[in-house]
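J.: Please find one structure pasted underneath; my questions will follow.
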Amino acid sequence: MESPKTIIKVDNLQTSFYTDKGEVKAVDGVSFEIPSGKTLGIVGESGSGKSITSLSVMRLIQDPGKIKGGQILFNGENLLDKSEAQMRRIRGNQISMIFQEPMTSLNPVFTVGDQIAEAYMIHEGKSKKEALRKALDMLKLVGIPSPEQRLKQYPHELSGGMRQRVMIAIALACNPELLIADEPTTALDVTIQAQILRLINNLQEELGMSVMLITHDLGVVAETCDYVAVMYAGKVVEYADVETLFESPKHPYTVGLLKSLPRHDIDQEGELEVIKGMVPTPDNLPKGCRFAPRCPFASDICADRLPELDELEDNSQVRCWIYTDEWDGKSGVSVKDDYGTFASKES
Amino acid sequence: MAETVTSPNKEVKPPNPQIENLKIVWKKLKKNKIAMAGGFLILFFILASWIGPLLTTMDPSQPNIPDRLQGPSAEYWFGTDHQGRDIFTRIVHGMSITLYIGFVSVALGCVAGVFLGLISGYYGGRTDTVIMRIMDVLLAFPGILLALAIVSVLGGSLNNVIIAVGIFSIPVFARIVRGSALAVRKLEYIDAVRALGASDTRIIFKHVLPNIMSPIIVQATLRIATAVLTASGLSFLGLGAQPPTPEWGAMLSAGRNYMWEHPHIALFPGLAIVAVVLAFNLFGDGLRDALDPKMK
Chain A
1 MESPKTIIKV
11 DNLQTSFYTD
21 KGEVKAVDGV
31 SFEIPSGKTL
41 GIVGESGSGK
51 SITSLSVMRL
61 IQDPGKIKGG
71 QILFNGENLL
81 DKSEAQMRRI
91 RGNQISMIFQ
101 EPMTSLNPVF
111 TVGDQIAEAY
121 MIHEGKSKKE
131 ALRKALDMLK
141 LVGIPSPEQR
151 LKQYPHELSG
161 GMRQRVMIAI
171 ALACNPELLI
181 ADEPTTALDV
191 TIQAQILRLI
201 NNLQEELGMS
211 VMLITHDLGV
221 VAETCDYVAV
231 MYAGKVVEYA
241 DVETLFESPK
251 HPYTVGLLKS
261 LPRHDIDQEG
271 ELEVIKGMVP
281 TPDNLPKGCR
291 FAPRCPFASD
301 ICADRLPELD
311 ELEDNSQVRC
321 WIYTDEWDGK
331 SGVSVKDDYG
341 TFASKES
Chain B
1 MAETVTSPNK
11 EVKPPNPQIE
21 NLKIVWKKLK
31 KNKIAMAGGF
41 LILFFILASW
51 IGPLLTTMDP
61 SQPNIPDRLQ
71 GPSAEYWFGT
81 DHQGRDIFTR
91 IVHGMSITLY
101 IGFVSVALGC
111 VAGVFLGLIS
121 GYYGGRTDTV
131 IMRIMDVLLA
141 FPGILLALAI
151 VSVLGGSLNN
161 VIIAVGIFSI
171 PVFARIVRGS
181 ALAVRKLEYI
191 DAVRALGASD
201 TRIIFKHVLP
211 NIMSPIIVQA
221 TLRIATAVLT
231 ASGLSFLGLG
241 AQPPTPEWGA
251 MLSAGRNYMW
261 EHPHIALFPG
271 LAIVAVVLAF
281 NLFGDGLRDA
291 LDPKMK
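Residue numbers (my numbering), protein chains in the order written: chain A, 1 to 347; chain B, 1 to 296.
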């Protein structure tokens with residue numbers, strides 16, 4: 001996964017929340033990097049730490065949360081060393097974010113135009129008039145019909161899809177190098193989802209930015225991402241480019257996720273498979289591999305020790321004992337999936 | 001070119017939603033007859049406080065001993081007091097004092113309280129604890145007692161009454177604003193502007209404050225009533241406006257000695273206080289109903 005220029009490199013990021021019950025490790029040693037112009041998908045269930053990862057990159061973690069350790073290198077500079085004032089100049093300017101809920105992410109008392117214009121007023125010191133003119137250009141860019149009128153409308157007068165377009169317009173106003181999209185399509189209708197994803201993809205090509213896409217939808221990942229990090233209970237369990245991940249998923253959790261998707265290209269009989277059990281809560285993590293209690297392959301070592309994120313021959317990384325020499329379970333275990341491929345390790 | 005009916009340069013302006021919104025509030029307010037009555041009374045009082053003194057012919061402070069303690073008549077509509085001054089004239093002149101105390105003290109308390117409440121609600125944590133505990137201490141005193149204590153420290157005068165009433169309004173505003181700010185700061189659009197790189201000051205005053213204006217406006221209206229009542233109370237106790245200022249509370253106090261033989265001396269200033277307080281309360285209640293988005 002080498003590329004000439006890496007926009008952002010997150011190294012061993014640890015974010016914890018300090019509650020009455022003690023420290024809760026929401027993000028525990030997450031590492032990834034995004035090459036310029038590429039898209040990284042971060043996939044995981046609710047509570048896997050994917051949103052906290054994105055907020056950590058923006059340095060927007062609020063009390064009682066704290067970034068405990070690690071590095072976030074943005075264009076080679078560690079964001080964790082920046083002052084709050086320096087971070088403010090980066091937010092919305094070089095790194096932007098769009099949120100899950102377009103219905104509540106816009107301030108109800110200001111017009112759409114005012115809110116896009118604010119980005120220019122904060123970062124480029126533009127006058128209101130000039131900022132509004134640039135806001136109009138942004139509305140055109142994100143494909144909103146009759147932008148002159150929309151500019152003067154309030155959020156409640158727009159549909160969900162339109163509002164998400166406005167959010168994208170705000171995020172991209174200052175031409176950021178990295179766009180963090182936290183479940184940008186989850187709250188939208190399926191048809192609108194496709195439109196919004198296509199819009200993000202097109203704009204990414206047009207503006208040459210990198211995208212970090214947080215989602216729980218593997219279908220979205222397949223369509224839009226170049227690389228994928230699968231997160232489980234605060235840790236990355238599998239990290240691969242998108243073809244490798246879908247062709248030969250390694251981690252039993254990834255396989256389980258893929259199996260639980262309905263498929264149209266093969267005949268399926270009976271019910272969809274599910275991953276039994278629940279994500280462990282971060283304040284009550286298992287001692288060994290965090291997926292072990294739900295894993296159909298789990299053996300003694302899994303319950304005992306946490307595996308490392310190891311790189312395999314096909315350049316993908318996986319955090320699972322099955323792929324190590326220390327594997328003590330059944331020999332020749334195959335993490336088989338219904339894709340007609342095998343991810344196996346003879347031991 | 002027959003088609004150029006509308007020139008292409010002329011934009012079709014959609015109705016400004018802010019004005020549309022006000023129209024909706026106005027419509028709902030108009031349906032509430034009692035609130036409208038309160039509103040018109042307030043308007044009438046304000047106009048009367050400006051124009052009234054120009055129309056009255058008698059002097060509000062000059063004693064006129066021969067005509068003292070007269071009942072209501074064609075010449076003296078509300079009668080005369082123990083120094084022979086026309087009570088109607090004095091009430092009209094006192095109107096501006098009462099309204100001035102009401103508006104200025106509430107404005108003072110409102111600005112300070114809103115500021116403290118915003119800081120408290122937005123930052124939370126220790127800042128919040130310190131500010132709100134001080135507010136709790138202020139709230140623990142019964143309002144008039146606190147104002148009384150402040151005035152006795154500062155000395156009795158109209159301006160000190162305004163300061164005292166303003167101070168005792170602070171915790172009320174701080175509390176309401178803190179609660180609203182606390183709710184608003186958790187909303188996603190605040191996260192969104194923070195992610196846009198906005199500073200705390202910008203977020204607090206540009207994004208949080210406009211979203212919590214309704215409860216502030218309602219509270220300010222209702223608070224004017226309380227302020228008028230408290231200020232009159234202080235003057236009644238001799239701590240506010242000093243004679244011969246035609247302040248209603250002071251007039252009430254002066255009339256107290258003649259309660260049995262000449263009740264009109266105390267009655268009319270009392271009625272005036274009741275009318276003003278009632279008007280602001282009715283209007284404030286109506287405003288609350290009209291501004292409440294849940295009742296749309």
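All residues carry an ideal CB built from backbone N, CA and C; glycine is no exception.
In this text the structure is predicted, and so the values were computed from the model without any measurement.
With DSSP as the reference, please indicate the residues paired to A/A229 in a beta bridge.
T.: A/I42 and A/Y239, per the DSSP bridge assignment.
J.: By DSSP, does A/V274 sit in helix, in strand, or in coil?
T.: A/V274 falls in the coil class under three-state DSSP.
J.: Who are the Cβ neighbours of A/N93 in its own chain at under 6 Å, not counting the five residues just before and after it?
T.: Result list for A/N93: H123 and C174, in chain order.
J.: Note down the Cα distance separating B/A311 from B/I212, rounded to an integer number of angstroms.
T.: Missing from the structure shown is residue 311 of chain B; chain B here goes from 1 to 296 and no further.
J.: Buried or exposed: where does A/K235 fall if 16 or more other Cβ atoms within 10 Å of its Cβ makes it buried?
T.: Under this definition A/K235 is a buried residue.
J.: Below 9 Å on C-beta distance, what does B/P210 contact in chain A?
T.: Here the neighbours are N107, V109 and F110.
J.: Give me the chain B residues within the contact set of A/R89, using Cβ-Cβ distance strictly less than 7 Å, ordered along the chain.
T.: Here the neighbours are G197.
J.: How many Å lie between B/Q219 and A/D114 at the Cα?
T.: Rounded to whole angstroms, B/Q219 to A/D114 spans 29 Å at the Cα level.
J.: DSSP beta-bridge partners for A/P35?
T.: Paired residues: A/T6.
J.: Tell me, please, whether the CB atom of A/L60 is closer than 9 Å to any CB atom in chain B?
T.: Interface residue, yes.
J.: Straight-line CA distance for A/E2 to B/I216?
T.: The predicted position of A/E2 is uncertain, since its pLDDT is 46 and thus under 50; a value taken from the coordinates is nonetheless stated next. About 57 Å.
J.: In the DSSP assignment, what residue or residues form a beta bridge with A/K25?
T.: Partner(s): A/S16.
J.: Is there a Cβ of chain B sitting closer than 9 Å to that of A/N75, yes or no?
T.: No, because no Cβ of chain B sits closer than 9 Å to the Cβ of A/N75.
J.: Can you name, in chain order, every residue of its own chain whose Cβ lies under 6 Å from the Cβ of A/Q204, other than the five neighbours on each side?
T.: Contacts found: V211.
J.: Apart from the five residues just before and just after A/E45, which ones in its own chain have a Cβ nearer than 7 Å to its Cβ?
T.: The residues are H216 and V279.
J.: Could you give the distance in angstroms between the alpha-carbon of A/E346 and the alpha-carbon of A/Q71?
T.: At A/E346, the pLDDT of 38 sits below 50, so the modelled position is not reliable; the number obtained from the coordinates is stated separately. Each residue's Cα considered, the two are about 36 Å apart.
J.: Does the beta carbon of B/D191 come closer than 9 Å to any beta carbon on chain A?
T.: Output row for B/D191: interface = yes.
J.: If A/V318 and A/E247 are in contact, beta carbons under 8 Å, what's the gap, nearest whole angstrom?
T.: Between A/E247 and A/V318 the Cβ distance is about 14 Å, and since that is not below 8 Å, they are no contact.
J.: Can you tell me the Cα-Cα spacing of A/S299 and A/N202, whole angstroms?
T.: Rounded to the nearest angstrom, the two C-alpha atoms are 46 Å apart.
J.: Quick check on A/E326: does DSSP put it in helix, strand or coil?
T.: Coil, per DSSP.
J.: Please decide whether A/S83 counts as near chain B, where near means a Cβ-Cβ distance under 9 Å.
T.: Not an interface residue.
J.: Decide if B/P8 is buried, meaning its Cβ has at least 16 other Cβ atoms within 10 Å, or exposed.
T.: Residue confidence for B/P8 is low, a pLDDT of 44 falling below 50, so the modelled location carries little weight; the figure read from the coordinates is stated next. When all chains shown are included, B/P8 counts as exposed.
J.: Which residues does DSSP pair with B/T230 in a beta bridge?
T.: In the DSSP output, where bridge partners are listed per residue, B/T230 has none listed.
J.: Under 8 Å, with one C-beta from each stretch per pair, do the stretch 272-283 of chain B and the stretch 237-252 of chain B reach the 3-pair mark?
T.: Touching, yes.
J.: Would you verify that the beta carbon of B/L22 is, or is not, closer than 9 Å to some beta carbon of chain A?
T.: With 9 Å as the cut-off, B/L22 does not count as an interface residue toward chain A.
J.: May I ask you to list the residues that DSSP assigns as paired with A/E349?
T.: Shown here, chain A extends from 1 to 347; a query on residue 349 of chain A therefore has no answer.
J.: Per the DSSP calculation, A/A181 is bridged to which residue(s)?
T.: Per DSSP, A/I98 and A/L213.
J.: Tell me where the alpha helix (DSSP H) around B/H297 begins and ends.
T.: Look at the range of chain B in this structure, 1 to 296, and you will see that residue 297 of chain B is not part of it.
J.: With DSSP as the reference, identify every bridge partner of A/Q317, one or two as the case may be.
T.: Partner(s): A/Y239 and A/E311.
J.: Of all the residues that make up the stretch 117-134 of chain A, which are near chain B by a beta-carbon distance shorter than 8 Å?
T.: Flagged, chain order: E118, A119, I122 and H123.
J.: Can you confirm whether B/G124, when its beta carbon is compared against all beta carbons of chain A, has any partner nearer than 9 Å?
T.: Yes, because at least one Cβ of chain A sits closer than 9 Å to the Cβ of B/G124.
J.: Leaving aside the five residues before and after A/P108 along the sequence, list all residues of the same chain whose C-beta is less than 8 Å from its C-beta, in chain order.
T.: Excluding positions up to five away in sequence, the list reads Y154, P155 and H156.
J.: So which residues on chain A does B/R194 lean against when the C-beta distance must stay under 7 Å?
T.: The contacting residues are L60.
J.: Is any beta-carbon of chain B found at less than 9 Å from that of A/F17?
T.: A/F17 does not count as touching chain B.
J.: Anyone know if the C-beta pair for A/I8 and A/F74 falls short of 9 Å?
T.: A contact, by the Cβ cut-off of 9 Å.
J.: Report yes or no: do three or more beta-carbon pairs, one from the stretch 16-28 of chain A and one from the stretch 186-198 of chain A, lie closer than 8 Å?
T.: Short answer: they don't touch.
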